[in-house]
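Take the sequence shown: its letters are residues 883 to 986, numbered as in this note's numbering. Using N, Cα and C, we set each Cβ at its ideal position, and we do this for glycine too. None of the values given here were measured: they were computed from a predicted structure.
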Amino acid sequence: MVYLERIKAETVAYFRALDEAATQRHHFRHADEEGGLWYIEAVPDRGELVVIKQAELTSAGQLHRYSWEHLEDEYGFLTDQAVDPEEDPLEAIPAEGFLRVWKQ
């Protein structure tokens, strides 16, 4: 159990440091097969775009948010996969579009 707590603490520290030090942020939206919308904030780290915040607005209207402050719950979790706008089916959106959903 101590090992898992340490891993979680290191994960939180990593995402928090990225969030607090970010000078460049990228925002994306993605529609899933079930009609939900995913909103993503990512920052560059070691040549990749790392997701530091994500919000899922389900087709039923439920909003689930994940960041270093709330990594996971019974509905999902903050992805640990980098995003690649050239490869992933993402739509770039303005920061205001992301924040409008994030702050709901």
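* Three-state class that DSSP yields for R911 in the structure shown -> strand
* In chain order, what residues of the same chain have a beta carbon less than 6 Å from the beta carbon of F992, not counting five sequence neighbours either side? -> Shown here, the chain extends from 883 to 986; a query on residue 992 therefore has no answer.
* **Burial state of H952 (16 or more Cβ within 10 Å)** => exposed
* Just confirm the distance between the C-beta atoms of G917 and E938, as a whole number of angstroms; I'd bet it's less than 8 Å. => Incorrect: roughly 11 Å between the Cβ atoms, too far for contact.
* To do: For L981, decide whether its Cβ has a neighbour in chain B, counting only Cβ atoms nearer than 9 Å.
  => Annotation note: the requested chain B is absent from the structure, which comprises a single protein chain.
* Asked: Rounded to the nearest angstrom, how far is the Cβ of H908 from that of L931, given a contact under 8 Å?
  -> 6 Å
* Over what stretch of residues does the alpha helix (DSSP H) that includes W950 continue unbroken? -> Here W950 belongs to no alpha helix (DSSP H), and DSSP marks it neither H nor E.
* To do: Rank E887, W984, P967 by C-alpha distance to the C-alpha of Q944 and give the top, closest one.
  => W984
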